[in-house]
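This note's numbering numbers the first residue of the sequence shown as 2 and each following residue consecutively.
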Amino acid sequence: MIPTFYTGFSDVITYKIFTSIIIKHALAYRKKYLGKDNSNLGMDYENQIFIVLVRLRLGLLEEDIAYRYDISQSTVSRMFRFWINVMYSYFIPIWPSREIMKKYMPECFISKYPSTRIILDGTEIFIEKPSDYTVQSSTYSVYKAHNTARGIIGITPNGFVCFISELYPGRTSEMEIILNSGLLEKLEPGDSVMADKGFTISKELADIDVDLNIPPFSYGNNQQFTDADETLTRDISVRVHVERIIRNVKLNRILCCSIPNTMADQLNQIWVVCCHLTNFRKKPLLDIKTKKK
């Protein structure tokens, strides 16, 4: 049995299916990866994948894993890099069609926001202070008072991760990330996007005939929400489920530490893989009720 604590997978069947898929992909991928493979590390592929998942989930240092398995740190490093690249090359975000979205639309969205195509939220990952002064400036997040990398994740109304942006320097705004991410090209006229009030992209969405649903703003301490604003705030609280997904992503403790500069070239791949793993580890957050024909 593979304990959830170590891998995040809640059942053995899903874990075995995932492992077999990744191994099959690795066999085709390994020749392209600098002409190398991991067959000579004295450990079968299943155990190598387990070690990688444990490193992601628990954030264990390479030295720790090397000691536990009585192997060298360089072997752990090579193993981790290989499988992260294999998983990153395999995972392709799935953008469900409108028909699929409607079929699995939870009741709480059908009644209030039936045109919702995606729910967006952003997060920041701490990184070690870069040595380059220009990079230091571009990655410094005033909000976090730390150097960070920033990414955006999007889910369907029933909690399936369908969009993952690349990571950007911490000072990059949500609007800049959205405009450079390719998300706008995926949306169709008549869709609506649900997001936090920090996503000031209403004009950009309106240009492609897409609505933006965000909580109302409050300007100043003396201003109170109207009854309509309070109702909207309660209705749009279903957006909180994307925050739960991000919490699930950050249950991979490797993302909760300050990523050292020596891992800077792997960080984006690690982020994307951790986001995709959520779809394997968790069932949809919301109950779905489909209409019978």
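Just so you know, even glycine gets a beta-carbon here, dropped at the ideal spot from N, CA and C.
Uninterrupted beta strand (DSSP E) stretches inside the region 91-136 (no shorter than 3 residues): Listed in chain order, the complete beta strand (DSSP E) runs (minimum 3 residues) inside the region 91-136 are 117-127.
Identified DSSP bridge partners for Ile153: Indexing the sequence shown from 1 puts residue 153 at position 152. Per DSSP, Gly123.
Chain-order list of residues whose beta-carbon lies under 7 Å from that of Tyr114 (same chain, five-residue window excluded): Taking the sequence shown and counting its residues from 1, the one referred to as residue 114 is at position 113. These residues qualify, in order along the chain: Ser193, Met195, Asn214.
Gly9 vs Leu268 beta-carbon contact at 8 Å: Your numbering for residue 9 matches position 8 in the sequence shown. Your numbering for residue 268 matches position 267 in the sequence shown. Not closer than 8 Å, so no.
Reference Glu125; option with closest CA among Arg248, Met264, Thr263, Arg282: As a working note, residue 125 is residue 124 in the sequence shown. A check of alpha carbon separations from Glu125 across Arg248, Met264, Thr263, Arg282 identifies Arg248 as the nearest.
DSSP state of Leu206 mapped onto helix, strand, coil: In the sequence shown, residue 206 corresponds to position 205, counting from 1. Collapsing the DSSP output to three states places Leu206 in a helix.
Where Ala146 falls, given that 16 or more other Cβ within 10 Å makes a residue buried: Looking up residue 146 in the sequence shown gives position 145. The residue is exposed, with fewer than 16 neighbouring Cβ atoms inside 10 Å.
Short Cβ contact (8 Å threshold) for Leu54 with Ile255: Within the sequence shown, residue 54 is the residue found at index 53, counting from 1. Within the sequence shown, residue 255 is the residue found at index 254, counting from 1. For Leu54 and Ile255, no; Cβs fall outside 8 Å.
Which listed residue (Asn148, Lys25, Glu244) has its alpha carbon closest to that of Pro261: Along the sequence shown, read from residue 1 onward, the residue named residue 261 stands at position 260. Of Asn148, Lys25, Glu244, the residue nearest in Cα terms is Asn148.
Same chain, Cβ closer than 8 Å to Ser116, neighbours up to 5 away in sequence not counted: One-based indexing of the sequence shown puts residue 116 at position 115. Within the same chain, Ser116 has close Cβ partners Gly191, Asp192, Ser193, Asp212.
Nonlocal neighbours in the same chain, by C-beta distance under 7 Å from Val87, ignoring five residues either side: Residue mapping note: residue 87 aligns to position 86 of the sequence shown, counting from 1. The answer, listed in chain order, is Ile23, His26, Ala27, Tyr30.
Beta-carbon proximity list for Phe281, same chain, < 8 Å, skipping 5 on both sides: Working through the sequence shown from its first residue, we reach residue 281 at position 280. Hits under 8 Å: Phe10, Thr15, Phe19.
Residue burial classification, Ser166 (beta-carbon count within 10 angstroms, cutoff 16): Taking the sequence shown and counting its residues from 1, the one referred to as residue 166 is at position 165. Ser166 comes out buried.
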